[in-house]
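There are 2 protein chains.
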Amino acid sequence: MPKTPARMAAKSVPPSTITLKHVAERAGVSPITVSRVINTPDAVSETLRDKVTEAIDALGYVPNRVAGALASAKSRVVPIIVPSLSNIVFLEVIQGAQDVLNAAGYQLLLGDTQFDLEREQALANTLLGWSPAGMIIAGLRHTDRTRAMLKTWHRPVVEVMEYGTKPIDMNVGLSHYKAGDSMGEHLVARGYRNIAFIGCRMKVDYRAMQRFKGLERCLKRHDLPCRPPFSHDEMSSAELGGDALMRALDLDKSLDAIFFANDDLAIGAILRAQREGIAVPKRIAIAGFNGLNLGALMQPALTTIVSPRQRIGQIAATKLLARILGQQSGAATVDVGFSLRAGGST
Amino acid sequence: MPKTPARMAAKSVPPSTITLKHVAERAGVSPITVSRVINTPDAVSETLRDKVTEAIDALGYVPNRVAGALASAKSRVVPIIVPSLSNIVFLEVIQGAQDVLNAAGYQLLLGDTQFDLEREQALANTLLGWSPAGMIIAGLRHTDRTRAMLKTWHRPVVEVMEYGTKPIDMNVGLSHYKAGDSMGEHLVARGYRNIAFIGCRMKVDYRAMQRFKGLERCLKRHDLPCRPPFSHDEMSSAELGGDALMRALDLDKSLDAIFFANDDLAIGAILRAQREGIAVPKRIAIAGFNGLNLGALMQPALTTIVSPRQRIGQIAATKLLARILGQQSGAATVDVGFSLRAGGST
DNA sequence: CTGAAAGCGCTTACAG
DNA sequence: CTGAAAGCGCTTACAG
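Rendered as structure tokens:
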């Protein structure tokens, strides 16, 4: 023991940080009992529990989560890794998860990969250093190392957004392929024959590509022409949607419908059509994906596919919690489905 | 020492978790040296550094952040506390902060208060248990205990969103009062005389109330009538904006302009006016606040006040980092200002 | 530039 | 139901 450890607080002044020990001393019990009152109150007699509670309040004790996490090798933290924070879609999932996890005393640790799987791997690796209780991660596509790392981790992991078989552990999402197919069916049923798909950054936004593939299957089934998707390099935005509409109409006069990869683009297209005096859906039908409320207020109302994003976050968090607490968590995979909301735009 | 500690790994099998010690053994150095290579590489000779780096890579060592945080009493985590995650405004601040902090190896810990200051206090208290390196918190209004707690904490704190004097520590934001006044001046200059303010949950969303107060001051200065604000209990949404517009026109036929507390409401109002055939701005002028890009695509384009939300997050994070690293962080308070974007809607 | 010792504030796994 | 001992995996503050 060093002669005068700098860390040793002078006995006469009140300690700068209140620890379990201080609470224990004041309550006249052992530190362990205090720990139990905090973590498993039912395991302590009412008498002691009251004494300890009094001491905690009197001293304003705040448990050191870091020490607890180190000793128990787990923390009440759950990382959520998403491709991007600028996309409303991921935010709603985060929101849903936050509601459930916060209520249960868990904190979300935020990570975004910028749609880069290598970055995702590095991030997951770092975040594991926090001994999280579980993890929520967007998508079913990861590097092999990320998959291996999370598989051998032996803590609950939920992959969210798209639905698929063989997740790392659990999965909550919907089939973007089927969603694309459904929208195709809708457009064909309404009589459109020359249908294009317009998206953004589809090399990395592979879920948008899946929606296109679904559309493609549908068009082939109906022996209709299938054009390759237009994929812009910029990020999705309403403004880009308007520009893309104009360019598409210019390049291919025969188009009678456009399925945009998301509502932002589609809403921008409708607004632009309004300004340019292009009749929707008479000259060109416009459809989106996501089911933003705003779409329903457009003139004409946007036809879109509604996905329950907040529910995805809630279900994911609920299943994660159940597993963390050792309870029944239900099926490993959940297809939350989607619904097509038909409006006047198609 | 217990006879057979359950935690002791059998010597023959590879350890389930790689620690500093394993790396040190493999590299033939002491654990401290490994720690130095990770945290202060310049303090280690190149020879040892290479050996250690090799060992880290070979073993796939991931530093246990929790242990590091406990030993050093600080972690590379920064909580960001906002009123709500459903509001785009806070998300953009989070995004800005995330970009800067992630790049520097810090993780954001997410907290939302649901606009409840008691909840904010409890949350801040809990999050302090993570020994964060600093904290970002929305708003300048907190409970006295929250303020006291953060003041005595002696780590950097940045309050964001609104600008004001006497922050807890640092502050980055804009004057919502001035913004309201500016919009008032704009409306008056364009000839409007009967101006109303419509917001949502203004008891808790006090920044919206500040914008109203700014408008009020302006109207008084011009000897114009000032109506009390309409404040709806529901959350802001485009749909509500449309409904609010109709109700306001119905209740007060003399209105010639409405300043909505945010663009969501204002955009909804413009879309509703379109559907109802109400001429904007001829019958009623409409203005918003936030500067969403979408507003510029409306017909007519929405007059609004642009606030640099992402920049607020970036500046806040940058100043926080500077202080964490013991560098110059510049002025304690930063007024990021705002600009009025006049469109055809007024 | 490098290392041996002690400790951060909790919880685990016993034992009673 | 309660507690004494040990340890979680790092870093701090010395000393050399």
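Chains as they are written, first to last, in our numbering: chain Z, 1 to 346; chain X, 1001 to 1346.
Built from N, CA and C at the ideal position, the CB exists for glycine as well.
Under the 8 Å criterion on CB atoms, Arg275/Z is classed as interfacial with respect to chain X. Listed along chain Z are Leu85, each with a C-beta nearer than 7 Å to that of Ile1094/X. Residue pairing for Thr1333/X: DSSP places it in a beta bridge opposite Asn1171/X. Taking the Cβ atoms as the reference, Ile1137/X lies roughly 4 Å from Ile1081/X, within the contact range of under 8 Å. Shown in chain order are the members of the stretch 1108-1135 of chain X whose Cβ falls below 9 Å from a Cβ of chain Z: Leu1108, Leu1109, Leu1110, Gly1111, Asp1112, Leu1123, Asn1125, Thr1126, Leu1127, Leu1128, Gly1129, Trp1130, Ser1131. Contact between the stretch 253-270 of chain Z and the stretch 192-206 of chain Z is established, with three or more Cβ pairs separated by less than 8 Å. Using a Cβ-Cβ cut-off of 8 Å, Asn1293/X counts as an interface residue toward chain Z, since at least one Cβ of chain Z sits closer than that to its own. The continuous beta strand (DSSP E) containing Leu1108/X extends over residues 1107-1112. According to the DSSP assignment, Gly180/Z belongs to the alpha helix (DSSP H) that extends over 176-189. When DSSP states are grouped into helix, strand and coil, Thr318/Z belongs to the helix group.
For Ser84/Z, same chain residues with a beta-carbon under 7 Å away, outside a window of 5 residues either side, are Phe90, Asp112, Gln114, Phe115 in chain order.
For His22/Z, there is no enclosing beta strand (DSSP E); the enclosing alpha helix (DSSP H) has its first and last residue at 20-27. Among the bridge pairs identified by DSSP, Leu340/Z is matched with Ile305/Z.
Interface residue (Cβ-Cβ distance to chain Z less than 8 Å): Met1298/X is classified as such. Taking a beta-carbon distance threshold of 8 Å, Gly330/Z does not count as an interface residue toward chain X.
About 11 Å separates the beta carbon of Gly1344/X from that of Gly1295/X, a gap too long to meet the 8 Å contact definition. Any Cβ of chain X closer than 8 Å to the Cβ of Val37/Z would place that residue at the interface, and such an atom is absent. Using a Cβ distance threshold of 8 Å, Thr346/Z and Ala285/Z count as a contacting pair.
For Asn290/Z, the closest Cβ of chain X is not nearer than 8 Å. Against Gly242/Z, the close residues of chain X are Leu1297, in the order they occur along the chain (beta-carbon pairs closer than 8 Å).
If you check the CB distance, Pro1229/X and Phe1212/X come in under 8 Å. Contact between the stretch 1130-1146 of chain X and the stretch 1157-1165 of chain X is present: three or more C-beta pairs spanning the two stretches fall below 8 Å. Nearest neighbour of Tyr206/Z by Cα position, chosen from Leu187/Z, Ser231/Z, Val188/Z, Asp223/Z, turns out to be Ser231/Z. Rounded to the nearest angstrom, the gap between the Cα atoms of Ala103/Z and Leu1059/X is 38 Å. In this chain, the alpha helix (DSSP H) harbouring Cys218/Z covers 206-221.
The beta carbons of Ser1237/X and Asn64/Z sit no closer together than 8 Å. Counting along the chain, Phe230/Z sits inside the beta strand (DSSP E) bounded by residues 230-232. Apart from sequence neighbours up to five positions away, the residues of its chain that approach Gln107/Z with a beta-carbon distance below 8 Å are Arg76, Val77, Val78, Leu101, ordered along the chain. Chain X places no beta carbon closer than 8 Å to that of Val204/Z, leaving this residue out of the contacts. At a cut-off of 8 Å between beta carbons, Gly1268/X contacts chain Z. Between the alpha carbons of Pro1132/X and Asn1194/X lies a distance of about 50 Å. Proximity of Pro1063/X to chain Z, defined by a Cβ-Cβ separation below 8 Å, is satisfied. Assigned with DSSP and collapsed to three states, Met149/Z falls in helix.
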